[in-house]
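Undergrad: So the sequence shown is residues 13 to 198, counted in this note's numbering. Glycine residues also receive a C-beta, built at the ideal position from the N, C-alpha and C atoms. Fair warning: this is a prediction, and the values are worked out from it, not measured in the lab.
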Amino acid sequence: MTPSNFLAKCHFTKNNRRSYYVIESMTYNGDSSIATWTATGGNRPWTPTGDQRNYSNMFDGNPATYWVGHMPNIEPNTVTITFIYPVIFAALTITSRPSDIYQPGYQGLCTYADDVLVACTSSDRQTSPGEVITFAAHVPKSATKIELRYPGARIGVVAELEVIYSGRLNYFLSHWSNKYTKQLKK
13 MTPSNFLAKC HFTKNNRRSY YVIESMTYNG DSSIATWTAT GGNRPWTPTG
63 DQRNYSNMFD GNPATYWVGH MPNIEPNTVT ITFIYPVIFA ALTITSRPSD
113 IYQPGYQGLC TYADDVLVAC TSSDRQTSPG EVITFAAHVP KSATKIELRY
163 PGARIGVVAE LEVIYSGRLN YFLSHWSNKY TKQLKK
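(1) Is it the case that the Cβ atoms of S178 and E36 are separated by a distance below 8 Å?
(2) So, are the CB atoms of T105 and E159 less than 8 Å apart?
(3) Flag this pair as yes or no: are the beta carbons of A51 and V91 separated by less than 8 Å?
(4) Pull up the distance between the alpha-carbon of P163 and that of N89, whole angstroms please.
(5) Pull up the DSSP beta-bridge partners for L121, would you.
(6) Check whether the Cβ atoms of M70 and L173 lie closer than 8 Å to each other.
(7) Helix, strand or coil for Y78, going by three-state DSSP, please let me know.
(8) Going along the chain, which residues of its own chain have a beta-carbon closer than 6 Å to the beta-carbon of V99, five neighbours each way excluded?
(9) Once DSSP output is grouped into helix, strand and coil, what is the label at Y67?
(10) Please name the residue in V175, P141, R161 and A165 whose C-alpha comes closest to that of Y78.
Shown next, in the form of structure tokens:
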């Protein structure tokens with residue numbers, strides 16, 4: 013879990029005083045102390061090299077290794093991340109495999125936050141090798157379960173998967189008076 017950037021928000025209280033707060037944005041990439049992950053649909057080993065194409069390759073930090081779902085799959089390919097505590101979900105990103113793109117593996121994918129649709133790729137999407145695909149929430153949403161779902165019998169292919177989220181209120185500042193603001197500058 014490492015900070016990737018900061019989100020700043022401003023809102024007006026009922027008496028028109030502004031409050032500012034900054035929330036640290038974090039990236040989840042497989043750390044079991046933050047969340048657990050599960051996947052369905054199986055994996056398709058590539059026997060000539062012994063490459064197992066396991067699910068865990070999505071979280072190894074190496075885009076040259078990747079998960080390839082089993083075809084034909086018995087159940088739809090999915091990846092589910094369940095956070096230990098509610099987080100503010102901002103986006104899920106996946107990196108496509110580094111070569112030999114199977115285009116249907118990146119078409120019609122959808123991301124859900126607590127079973128509510130967040131975003132989908134188009135059914136005619138054309139993906140480049142090593143491309144980062146972002147499923148961004150239009151409005152950040154509090155959630156514990158984030159899921160990437162492949163439609164029907166689509167093959168799942170992911171080199172890297174990350175969830176961008178926030179869960180900590182790190183700084184809060186209210187402008188109640190000039191005196192208060194001056195005290196903060198000291």
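TA: To lay it out plainly:
(1) Yes, they are a contact pair.
(2) Cβ distance not < 8 Å, so T105 and E159 don't count as in contact.
(3) Yes, the pair counts as a contact, with Cβ atoms nearer than the cut-off.
(4) Looking at the two C-alpha atoms, the distance is approximately 8 Å.
(5) DSSP lists no partner for L121.
(6) Taking the C-beta atoms as reference points, L173 is found nearer than 8 Å to M70.
(7) Of the three classes helix, strand and coil, the one that applies to Y78 here is coil, per DSSP.
(8) These residues qualify, in order along the chain: Y177 and G179.
(9) Three-state result, Y67: helix.
(10) The alpha carbon of Y78 has as its nearest neighbour, out of V175, P141, R161 and A165, the alpha carbon of P141.
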